[in-house]
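Under the numbering used here, the residue at position 180 of the sequence shown is numbered 180, and the numbers go up by one with no gaps. Glycine included, every Cβ here is placed at the ideal spot set by N, Cα and C.
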Amino acid sequence: MFRNVIVRVPSETICNGITSADLGKPNYKLALKQHEEYVSALSKTGVNVTVLQPHDEYPDSCFVEDVALCTRECVIITRPGADSRRKEAELPDMLETLNNFYTHIEYIEEPGTVEAGDIMMVGDHFYIGESARTNRAGAEQVIAILEKYGLSGSIVPLQEVLHLKTGTTYLENNNLLVAGEFKSVPDFEKFHRIEVEDEEAYGANCIWVNDYVIVPEGYPKVKKAIKALGYKVLVVDTSEFRKIDGGLSCLSLRF
């Protein structure tokens, strides 16, 4: 069960966020509205939501998931692989907030790079995507830190997507959403896999929060498959965040 969530309000500079999506620039006012609806959906799951203020100098800073890995034993402050995002992991308000919740705070160090959008928690084990943003040195540092606290991790090389959780979501109860390259990853064969069709691949990035699953709007087959598993489903529009390569999981830290 999750008790706490941290989010950051999108900044007015969100239209300058890193993107490969070719979907146009985000509409700032609509992004704010969608973010408010996201926070509202999270609140319905019973968590306490801490809302941090925007940082205009960091257009991607609403994607707070990438700057920290929150576990039951410690929090790991990452070192983002995108140069323009590296200082997001050092923002005082984020560090102060995490310090209110955690006694043990660890840090990824150079030459390691890690963005926690590449890390999927399954119980006490963490699957770490080796990607353009998370390198082998960073992944190995994460595993070493996890093992220090009695947790474990393993590396999953990525070929096609930006982040591990771009194409797969663990829904608890051994259920795993998989899209694209993750349909054939040997590491995931032990799970009950729900395969997402290519035209709804973006919908594979959902979030499980206390027996609710928050699903992006516009992916009816994904929504239907999740409801068929017995989960309570909440739908949130993330169209403006998709324009800068973001999804539901990117927008919060959940612990």
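Tell me the DSSP bridge mates of residue i?
i, result
"residue 154", "127"
"residue 120", "127"
"residue 68", "77"
"residue 4", "48"
"residue 105", "75"
"residue 289", "Absent from the model: residue 289. The displayed extent of the chain is 1 to 255, so no value can be given."
"residue 170", "176"
"residue 248", "Answer by DSSP bridge pairing: none, since residue 248 is not bridged."
"residue 233", "213"
"residue 254", "5"
"residue 114", "79"
So, is residue i buried or exposed, given that buried needs 16 or more other C-beta atoms within 10 angstroms?
i, result
"residue 45", "buried"
"residue 34", "buried"
"residue 141", "buried"
"residue 20", "exposed"
"residue 129", "buried"
"residue 156", "buried"
"residue 144", "exposed"
"residue 8", "buried"
"residue 177", "buried"
"residue 24", "exposed"
"residue 195", "exposed"
"residue 123", "exposed"
"residue 11", "buried"
"residue 186", "exposed"
"residue 100", "exposed"
"residue 227", "exposed"
In terms of residues, what are the limits of the alpha helix (DSSP H) holding residue i?
i, result
"residue 213", "Careful: residue 213 lies outside any alpha helix (DSSP H), inside the beta strand (DSSP E) at 212-216."
"residue 144", "136-148"
"residue 228", "220-228"
"residue 96", "92-101"
"residue 242", "239-242"
Since I believe residue j is in contact with residue i (beta carbons under 8 Å), could you give me their beta-carbon distance rounded to a whole number of angstroms?
i, j, result
"residue 136", "residue 82", "At roughly 17 Å, the Cβ-Cβ gap does not stay under 8 Å, so residue 136 and residue 82 are not in contact."
"residue 219", "residue 203", "3 Å"
"residue 208", "residue 170", "7 Å"
"residue 253", "residue 88", "Contact doesn't hold; Cβ gap of about 12 Å is too wide."
"residue 248", "residue 236", "7 Å"
"residue 183", "residue 120", "15 Å between Cβ atoms; not a contact."
"residue 138", "residue 146", "With 8 Å as the limit, residue 138 and residue 146 do not qualify as a contact, their Cβ atoms being about 13 Å apart."
"residue 75", "residue 98", "5 Å"
"residue 51", "residue 39", "7 Å"
"residue 222", "residue 200", "5 Å"
"residue 114", "residue 78", "4 Å"
"residue 116", "residue 179", "Incorrect: roughly 19 Å between the Cβ atoms, too far for contact."
"residue 255", "residue 4", "6 Å"
If you follow the beta strand (DSSP E) that residue i is part of, which residue opens it and which one closes it?
i, result
"residue 193", "192-196"
Evaluate contact between the region 84-98 and the region 160-174, counting only Cβ atoms and requiring at least three cross-stretch pairs below 8 Å. The way I'd put it, the region 84-98 doesn't touch the region 160-174; fewer than three beta-carbon pairs between them come closer than 8 Å.
Three or more C-beta pairs below 8 Å linking the region 44-61 and the region 110-119: no
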